[in-house]
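Student: A single structure is presented below for examination.
Number of protein chains: 2
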Amino acid sequence: MILSRTSQYAIQALIYIATRPPGEPILNRKVSEYLGVPTAYLAKIMQSLCRGNLLYSYRGRQGGFCLREGGEKTDLMQIITLIEGVGFTENCVLGLKICSDETACPVHAKWKPIKEKIVALLHEQTLERLAIAVQSGRYRICDLPMAMMDEMGQKEI
Amino acid sequence: MILSRTSQYAIQALIYIATRPPGEPILNRKVSEYLGVPTAYLAKIMQSLCRGNLLYSYRGRQGGFCLREGGEKTDLMQIITLIEGVGFTENCVLGLKICSDETACPVHAKWKPIKEKIVALLHEQTLERLAIAVQSGRYRICDLPMAMMDEMGQKEI
DNA sequence: GTATATATTGACCTAATTGTCTTGAATTAT
DNA sequence: ATAATTCAAGACAATTAGGTCAATATATAC
Numbered sequence: 000m001i002l003s004r005t006s007q008y009a010i011q012a013l014i015y016i017a018t019r020p021p022g023e024p025i026l027n028r029k030v031s032e033y034l035g036v037p038t039a040y041l042a043k044i045m046q047s048l049c050r051g052n053l054l055y056s057y058r059g060r061q062g063g064f065c066l067r068e069g070g071e072k073t074d075l076m077q078i079i080t081l082i083e084g085v086g087f088t089e090n091c092v093l094g095l096k097i098c099s100d101e102t103a104c105p106v107h108a109k110w111k112p113i114k115e116k117i118v119a120l121l122h123e124q125t126l127e128r129l130a131i132a133v134q135s136g137r138y139r140i141c142d143l144p145m146a147m148m149d150e151m152g153q154k155e156i
Numbered sequence: 000m001i002l003s004r005t006s007q008y009a010i011q012a013l014i015y016i017a018t019r020p021p022g023e024p025i026l027n028r029k030v031s032e033y034l035g036v037p038t039a040y041l042a043k044i045m046q047s048l049c050r051g052n053l054l055y056s057y058r059g060r061q062g063g064f065c066l067r068e069g070g071e072k073t074d075l076m077q078i079i080t081l082i083e084g085v086g087f088t089e090n091c092v093l094g095l096k097i098c099s100d101e102t103a104c105p106v107h108a109k110w111k112p113i114k115e116k117i118v119a120l121l122h123e124q125t126l127e128r129l130a131i132a133v134q135s136g137r138y139r140i141c142d143l144p145m146a147m148m149d150e151m152g153q154k155e156i
């Protein structure tokens with residue numbers, strides 16, 4: 000698996016939050032129900048995202064989570080780096096501790112341009128773009144069919 | 000991390016075996032010492048590679064492991080698929096159970112061509128090519144400096 | 001045949017990841 | 001003030017990946 004489950008949940012949650020009206024806190028419980036991911040686990044991930052300055056959190060009634068100002072400009076690379084660290088793209092494919100342009104594993108040279116493409120892709124995918132894609136109805140961030148998703152939305156707003 | 004440690008060990012071991020004279024069994028212990036990976040753990044991985052028809056194993060004195068006939072044509076994609084299953088490239092980046100060209104996550108379309116490039120690269124990297132690259136002395140499959148690697152080689156042959 | 005060397009097997013251990021639960025702190029509505 | 005609601009924090013449990021060990025089966029050398 001390319002991304003850890005934790006990164007996947009983080010990305011899904013952030014895209015979902017980005018599709019909601021900004022400044023209006025959304026509950027962790029609602030996000031987890033929507034995405035179908037474990038509530039308590041998502042809560043910890045949301046905490047990391049707060050500590051990583053991607054989200055604001057508010058306690059008490061009317062509380063919840065909001066994107067920070069400018070948060071729509073956050074891209075997937077930032078999120079993944081926050082959760083998994085820089086090793087995600089920097090480490091050697093074969094696991095060598097030392098693998099650079101000078102002293103390389105036999106895959107290094109071929110892998111490098113692909114890695115750069117991956118990084119470029121992850122950088123160009125901002126929450127803003129992803130949220131718009133989802134709002135268009137052509138793309139999904141969870142496995143529930145559209146009908147159920149609408150239903151859940153109606154019930155709560 | 001893109002590849003699991005297990006896949007990394009498997010690839011390193013197979014490349015190393017491919018650099019040795021074919022038909023001459025090499026000990027698991029020697030491979031693990033050369034690569035600097037846990038002997039007992041590598042033994043289990045070698046077993047998987049036997050069950051996956053990439054290696055032959057021989058017990059008793061003069062025993063060890065050999066590439067199967069034509070094994071030099073084995074490519075990295077085959078090895079990874081054997082160890083991690085097909086999900087490695089087929090699964091959705093965001094972890095959705097359902098994500099195809101028809102019903103997709105918002106990254107799917109952009110990710111697809113990159114994924115294809117990764118798969119193509121992994122397919123063109125055969126043990127034969129990788130072994131030649133390592134034998135040229137320009138590339139490494141373990142973290143030991145060349146001097147120590149030579150030394151280990153001398154001691155045993 | 002006996003001893004030695006090797007892979008095989010399965011049980012076991014350890015660490016990391018993923019997931020759960022309980023308690024506490026902060027905020028708001030009444 | 002009080003009660004209700006929400007996030008924060010840390011302990012805990014379950015699962016998986018990574019790693020170890022001991023007993024066994026098999027082959028070879030002598």
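First to last, the protein sequences are chains Z and S.
Taking numbering that gives the first Met the number 0, the leading residue of the first sequence gets 0, the next gets one more, and so forth.
Taking numbering that gives the first Met the number 0, the leading residue of the second sequence gets 0, the next gets one more, and so forth.
Beta carbons: idealized from backbone N, C-alpha and C, even for Gly.
What residue range does the alpha helix (DSSP H) around TYR33/Z cover?
Tutor: Start at 1 with the first residue of the first sequence, and residue 33/Z comes out as number 34. Segment 27–34, the alpha helix (DSSP H) holding TYR33/Z.
Student: Give the range of the alpha helix (DSSP H) segment to which GLY63/S is assigned.
Tutor: The residue you call residue 63/S lines up with position 64 of the second sequence. No alpha helix (DSSP H) holds GLY63/S; the beta strand (DSSP E) holding it covers 63–66.
Student: Would you report the Cα separation of GLU83/S and GLN61/Z, rounded to the nearest angstrom?
Tutor: Counting from one through the second sequence, the residue named residue 83/S turns up at place 84. Counting from one through the first sequence, the residue named residue 61/Z turns up at place 62. Roughly 45 Å between the two C-alpha positions.
Student: Around the C-beta of ARG4/Z, are 16 or more other C-beta atoms found within 10 angstroms, so that it is buried, or is it exposed?
Tutor: On the first sequence, position 5 is the one that residue 4/Z refers to. ARG4/Z should be labelled exposed.
Student: Using CA coordinates, which residue listed in LEU75/S, GLU101/S, VAL118/S, ALA42/S is at the minimum distance from GLU89/S?
Tutor: Locating residue 89/S in the second sequence gives position 90, where the first residue counts as 1. It is VAL118/S.
Student: Classify HIS107/S: buried if its beta carbon has 16 or more other beta carbons within 10 angstroms, exposed otherwise.
Tutor: Here residue 107/S is taken as the residue at index 108 of the second sequence, counted from 1. HIS107/S is buried by the Cβ-count criterion.
Student: Kindly indicate which residue of VAL133/S, ASP74/S, GLY86/S, ARG128/S has the alpha-carbon position closest to the one of LEU121/S.
Tutor: The count along the second sequence starts at 1 and reaches residue 121/S at position 122. It is ASP74/S whose Cα lies nearest to the Cα of LEU121/S.
Student: Taking only beta-carbon atoms, is PRO105/S less than 8 Å away from chain Z?
Tutor: What you label residue 105/S is simply residue 106 of the second sequence in a count that begins at 1. With 8 Å as the cut-off, PRO105/S counts as an interface residue toward chain Z.
Student: In the DSSP output, which residue or residues are listed as bridge partners for LEU54/S?
Tutor: Here the question's residue 54/S lines up with position 55 in the second sequence. For LEU54/S, which the question treats as bridged, DSSP gives the partners LEU66/S.
Student: Checking 8 Å against the spacing of the C-beta atoms, do CYS65/S and PRO24/S come in under that value?
Tutor: Numbered from its first residue, the second sequence carries residue 65/S at position 66. Numbered from its first residue, the second sequence carries residue 24/S at position 25. Yes, the Cβ-Cβ distance between CYS65/S and PRO24/S is below 8 Å.
Student: As an exercise, report each continuous alpha helix (DSSP H) stretch of at least 4 residues that is fully enclosed by the region 58–144 of chain S, in chain order.
Tutor: List check, alpha helix (DSSP H) in window: 75–83, 86–89, 107–123, 126–134.
Student: My output table needs one value for ARG4/S: the three-state DSSP class, helix, strand or coil.
Tutor: The sequence position of residue 4/S within the second sequence is 5, counting from 1. Of the three classes helix, strand and coil, the one that applies to ARG4/S here is helix, per DSSP.
Student: Residues of chain S with CB under 9 Å from ARG58/Z, in chain order?
Tutor: Within the first sequence, residue 58/Z is the residue found at index 59, counting from 1. The contacting residues do not exist; ARG58/Z stays about 29 Å from chain S at best.
Student: Under the assumption that TYR171/Z contacts VAL30/Z (Cβ atoms under 8 Å), give the Cβ distance between them as a whole number of angstroms.
Tutor: What is shown of chain Z runs 0 to 156, which leaves residue 171/Z out entirely.
Student: Using the Cα positions of GLY86/S and LYS96/S, report the straight-line distance between them to the nearest angstrom.
Tutor: Translated into positions along the second sequence, residue 86/S becomes position 87. Translated into positions along the second sequence, residue 96/S becomes position 97. C-alpha separation (whole angstroms): 11 Å.
Student: On the CB-based measure, 16 or more other CB atoms within 10 Å of its CB, does ASN229/Z come out buried or exposed?
Tutor: Since the displayed chain Z opens at 0 and closes at 156, residue 229/Z lies outside it and no answer follows.
Student: Determine, using beta carbons only, whether VAL85/Z comes closer than 8 Å to chain S.
Tutor: Indexing the first sequence from 1 puts residue 85/Z at position 86. It does not; no Cβ of chain S falls within 8 Å.
Student: Answer with yes or no whether the minimum CB distance from ALA132/S to chain Z is below 8 Å.
Tutor: Locating residue 132/S in the second sequence gives position 133, counting from the first residue. Cβ-Cβ to chain Z under 8 Å: yes for ALA132/S.
Student: Quick check on the burial criterion: 16 or more other C-beta atoms within 10 angstroms. Buried or exposed for TYR57/S?
Tutor: Reading the second sequence from its first residue, position 58 is the one you call residue 57/S. The residue in question, TYR57/S, is exposed, as its Cβ has fewer than 16 Cβ neighbours within 10 Å.
Student: So ALA132/S and PRO105/Z are in contact, right, with Cβ under 8 Å, and what is the actual spacing, rounded?
Tutor: As a first step, residue 132/S must be located in the second sequence, where it is residue number 133. As a first step, residue 105/Z must be located in the first sequence, where it is residue number 106. With 8 Å as the limit, ALA132/S and PRO105/Z qualify as a contact, their Cβ atoms being about 4 Å apart.
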